[in-house]
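If you want my numbering, it's the 1-based position in the sequence shown plus 14.
Where a beta carbon is used, it is the ideal one built from N, C-alpha and C, also for glycine.
Every value quoted in this text rests on a predicted model; they were computed, and no experiment measured them.
Contents: one structure, followed by commentary.
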Amino acid sequence: MLFPKPMDAETETETETDIGALLSNEMFVSGTQVNYYVICKTKLWLFSHFVTMEQSSDLVSYGKLVHETSYGGTKKEIVIDNRIAIDFIKKGDTLVLHEVKKGKRLDKAHRYQLLYYLFYLKELKGLEDVVGELDYPLLRKKEKVELTDTLKEEIRAILKGIQKVVALPEPPPPSYLRICRKCAYFEFCWV
Numbered sequence: 015m016l017f018p019k020p021m022d023a024e025t026e027t028e029t030e031t032d033i034g035a036l037l038s039n040e041m042f043v044s045g046t047q048v049n050y051y052v053i054c055k056t057k058l059w060l061f062s063h064f065v066t067m068e069q070s071s072d073l074v075s076y077g078k079l080v081h082e083t084s085y086g087g088t089k090k091e092i093v094i095d096n097r098i099a100i101d102f103i104k105k106g107d108t109l110v111l112h113e114v115k116k117g118k119r120l121d122k123a124h125r126y127q128l129l130y131y132l133f134y135l136k137e138l139k140g141l142e143d144v145v146g147e148l149d150y151p152l153l154r155k156k157e158k159v160e161l162t163d164t165l166k167e168e169i170r171a172i173l174k175g176i177q178k179v180v181a182l183p184e185p186p187p188p189s190y191l192r193i194c195r196k197c198a199y200f201e202f203c204w205v
């Protein structure tokens with residue numbers, strides 16, 4: 015989402031400036047935006063310009079319920095810098111970020127959202143021993159996610175793409191996909 019420049023922008027670290035415009039103080043990129051970029055550029059633009067439809071979506075509510083009721087005593091949703099909201103973290107020799115999803119239909123978007131979290135923590139925060147895990151409690155499946163050099167470049171390209179889409183004066187025209195009918199923005203795009 016677009017936010018104004020933070021007050022403490024003059025205290026940037028060298029690590030932050032190395033990433034440059036990708037994670038600039040003029041534009042904050044959230045994990046949700048990475049997810050939407052992979053799914054649908056129209057949805058990304060609408061969400062990034064505060065056209066939010068998710069609060070009235072039954073499927074979004076169901077996904078939140080799955081998240082809230084899975085993994086009993088685990089602390090939920092850790093928010094870092096108002097950019098990333100990690101569902102939960104397990105500490106050990108390696109920090110494991112967990113992202114809980116209800117199904118695998120959008121697994122590519124899920125994976126890139128988690129890769130962005132890993133990228134953010136490694137590149138901007140300087141953490142080294144961090145991996146991710148996608149959790150699908152309804153399917154009783156887990157998928158390990160690790161950030162490679164190739165995937166770092168893909169995340170950089172996605173961040174540039176997000177900036178281009180969000181900067182457009184109006185939303186890009188939607189492309190009809192199989193998932194459109196279940197999207198919270200369906201009526202906005204197709205009715």
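When beta bridges are read from the DSSP output, H63 appears opposite no residue. Measuring C-alpha to C-alpha distances from N96 to each of Q177, E201, G45 identifies G45 as the nearest. At least 9 Å separates the beta-carbon of Y51 from that of I100. Per the Cβ contact rule, the stretch 100–118 is in contact with the stretch 145–159 (3 or more Cβ pairs under 8 Å). Following the DSSP letters along the chain, one finds Y190 in no beta strand (DSSP E), marked with neither H nor E. By the criterion of a C-beta distance shorter than 8 Å, D143 is surrounded in its chain by D107, T108, L109, once the five residues flanking it on both sides are discounted. Under the DSSP assignment, Y131 falls in the alpha helix (DSSP H) whose first and last residues are 121–133. For F200, the three-state secondary structure derived from DSSP is helix. Of the other Cβ atoms in all chains shown, 16 or more fall within 10 Å of the Cβ of V48; this residue is therefore buried.
Counting C-beta pairs with one atom in each stretch, the stretch 170–183 and the stretch 53–60 have three or more that are closer than 8 Å, which means they touch. In this structure, the beta-carbon distance from I172 to L120 does not fall below 9 Å.
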